[in-house]
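Okay, so here's the structure we're looking at.
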Amino acid sequence: MKEELFISGRDIPFIDPVLHIWHWQIPLYLFVGGLAAGLIFFASYFYLTGKEDKYPIAVKIAPIIAPIVIVLGLIALLLDLRHPAYFWQLYTTIRLDSPMSWGAWTLGAVMPLSVLWPLIYIYELKNYFEGMICKMPYKILNWLTNLIEKNWILKWAFALIIKNKKPIAIANLVLSVILGVYTGILLSAFNARPLWNTSILGPLFLVSGLSTGAATIMWMAKDHYEKLTFSKIDLLLIGIEIFFIIHMFMGFLSSTEVQQEAAALFLGGEFTAVFWGVFFIGGLVFPATLEVMELFGYKIPISIPALFILLGGALLRFIMVDAGQITRYLY
Amino acid sequence: MRYAMTMDIKKCVGCSDCVVACQTENNVPSGYCRDWIVENVDGTYPNLEMEIRSERCNHCDDTPCVRTCPTGASHVIEGGIVKVTPAECIGCGACIQACPYDARYFHPDGYVDKCTFCDHRVAKGQDTACVSVCPTHSLAFGDLDDPNSPVSILLRNRKWKVNAPEAGTKPQVYFLI
């Protein structure tokens, strides 16, 4: 039995929250960062491989979601800062040792590029949104195209962007992978939280992000062939994700005491039900099963597996951020 | 120059004088503290063992807090003292997540605050506030590079341990056992 009492100085109600300083903002940001990375990755990858017309939703339509969710994520990040007015300090220095510095600069680069990409396809987007019940996106796009057509500077800039489609796609491809990996590496860099001290979080969050991106694309796709392709891609990604999760626990269980205790939170501890029951079954196995059934010819509304994958992706981040802050070194 | 602190577990009675001295000296906002007392009770009744420690930032040689800081607000000054520049701190919490000793906290003004080894006193040749008030002389402070400093002498002549050495941070607050 080991009992630790803080008998003075540190006010107990102030002490415990010190360990748990990140709430909903960080996991939400990690989720949307992964989602945006997935969407941008598929768009630039399939453009660069010349499959623009084969997968029109993936390349032309879905990327519009990326800048919107990135902005949401940035707002969440800003809300998380205790000194939000000082956020610009991130851009006064480059610290190669600090994943958060990498992240700030990556986001600084991804943000404008993720706006440029849907801008290239603004006319296709306009057509896509034309018949929608909600008139708002169409009206905004219509206003934008009118603006571009009337103003010669904007027209010139628009032509310049279209001319440089390929370099933009290449930059997007590289940045999306960095963004996806970074959402995981951000956590693994914090020495004091044993649950996060595994480099597999980088690839795990990347794959999970790509999977949520693929789920969004298959949800939006209209053409059966595109739906099916992204359903297959997603199935493969879920398989890799399960593989990484099992390896993560294998690593923990063969590591030091603090990491074994971190793993114990999920293997009988307080996160067991939510992780295996809700995330693993509900967010990975259940949608994967539906996707397999679909491949065998059953008619399943694609929105069901897609929604569960998206919710699962978000839940994974919330669980990892929450549980990680409980784990600590004991002495 | 390498500043370090020793804390004699055998002498500490857990009076919390060090905590109050620090709060007074450094204007620590009420409800917060830069150093604190931990009481570890080990064993099963009636065979109990108790250890009282006065803990603070370990001013590590290998500082995960400084490494993960995205703005450079967390930095190391001469003598190995780890400090935070409030004007550069965005309050992201990266250093708090990186510290195995939970030695940092959010100041109500939005920046991260922590023990400074009383560098303003040390610069004048004084001991830190906590060391200067310790009624049982359980705390000592000094330069490890000076063989005649109190900490060098104590570490030569006593057995010691550090907190969580497995975290790999090379902590510089030594507990004499």
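If you're matching them up, the sequences are chains L and A in order. Just so we're aligned: 223 in the numbering used here is position 190 of the first sequence, and the numbers increase by one with no gaps anywhere. Just so we're aligned: 258 in the numbering used here is position 110 of the second sequence, and the numbers increase by one with no gaps anywhere. Note that beta-carbon positions come from the ideal geometry of N, C-alpha and C, so glycine has one too.
Please identify the residue among L:A202, L:S264, L:G302, L:I352 whose C-alpha is closest to the C-alpha of L:F313. L:I352
Does the beta carbon of A:Y259 sit closer than 7 Å to a beta carbon anywhere in chain L? yes
Evaluate A:Y151 with the Cβ neighbour count: other Cβ atoms within 10 Å of its Cβ, from every protein chain shown; 16 or more gives buried, anything less gives exposed. buried
Measure how close the beta-carbons of L:T249 and L:I98 come, nearest whole angstrom, since I'm counting them as under 8 Å. 6 Å
Within 7 Å of any Cβ in chain A, is that where the Cβ of L:P50 sits? No answer about L:P50 holds up, because its pLDDT of 43 lies below 50 and its placement is not dependable.
For a cutoff of 7 Å on Cβ pairs, would you count A:I325 as touching chain L? no
Is there a Cβ of chain A sitting closer than 7 Å to that of L:D256, yes or no? no
Given L:Y80, which residues of its chain have a CB within under 7 Å of its CB, disregarding the five upstream and five downstream residues? V92, A202
For L:V143 and L:L206, believed in contact at Cβ under 8 Å, the rounded distance: Their Cβ separation, rounded to whole angstroms, is 11 Å, which puts L:L206 and L:V143 out of contact at 8 Å.
Span separating the alpha-carbon of A:C243 from that of A:P218: 9 Å
Close-in-space but distant-in-sequence residues of the same chain around A:S222 (CB under 6 Å, 5 per side omitted): C213, V214, V232, C243
Taking the DSSP output, what are the residues bridged to A:G290? A:A152
Output yes or no for whether 7 Å exceeds the beta carbon distance between A:F265 and A:I157. no
Hey, could you find the ends of the alpha helix (DSSP H) A:R269 is sitting in? 267–270
Which residue comes first and which comes last in the beta strand (DSSP E) that contains A:L196? 195–203
For A:R306, decide whether its Cβ has a neighbour in chain L, counting only Cβ atoms nearer than 7 Å. no
Which one of L:L61, L:Q122, L:D86, L:P151 has the shortest CA to CA distance from L:I108? L:L61
With DSSP as the reference, label L:L363 as helix, strand or coil. coil
Is there a Cβ of chain L sitting closer than 7 Å to that of A:I238, yes or no? yes
Which of helix, strand or coil does DSSP assign to L:G42? At L:G42 the pLDDT is 40, less than 50, meaning the model places this residue with poor confidence and gives no usable figure here.
DSSP bridge partner residues for L:L213 (one or two, in chain order): The question names Leu, but residue 213 of chain L in the sequence shown is Gly. For L:G213, which the question treats as bridged, DSSP gives no partner whatsoever.
Closer than 8 Å by beta-carbon distance: list the chain A residues that pair up with L:W55, in chain order. G241, Q245
Report the neighbours of L:D130 on chain A: residues whose CB is nearer than 8 Å to its CB, in chain order. R215, T216
Taking the alpha-carbon positions, what's the L:E290 to A:A315 distance? 12 Å
Residue closest to L:I73, alpha-carbon to alpha-carbon, out of L:Y362, L:P132, L:P151: L:P151
Name the chain A residues whose beta carbon is nearer than 8 Å to that of L:M169? By Cβ distance, chain A contributes nothing, its closest Cβ being about 34 Å from L:M169, past 8 Å.
Please state whether the Cβ-Cβ distance between A:C205 and A:K318 is less than 7 Å. no
Given that a residue counts as buried once 16 or more other Cβ atoms are within 10 Å of its Cβ, and exposed if not, what is A:Q147? Lying outside 149 to 325, the shown extent of chain A, residue 147 of chain A is not represented and no answer is given.
Can you check which of these residues, L:F75, L:A69, L:G357, is closest to L:L219 by C-alpha distance? L:G357
When you compare each of L:S288, L:L129, L:V148 to L:I194 by their alpha carbons, which one comes out closest? L:V148
CA-to-CA distance, L:A69 to L:P96, given in whole angstroms: 8 Å
By the three-class DSSP mapping on this structure, what secondary structure does A:H223 have? strand
Among L:D355, L:I337, L:Y215, whose alpha-carbon lies nearest the alpha-carbon of L:L129? L:Y215
Going along the chain, which residues of the segment 162–185 of chain A sit with their C-beta nearer than 7 Å to a C-beta in chain L? G162, S164, V167, G179, Y180, C181, D183, W184, I185
Secondary structure of L:E395, DSSP reduced to three states: Outside the shown range of chain L, which is 34 to 364, sits residue 395 of chain L, and nothing can be said about it.
Less than 7 Å between CB atoms is the rule here; does L:H280 satisfy it with respect to chain D? No chain D is present in this structure, whose protein chains are L and A.
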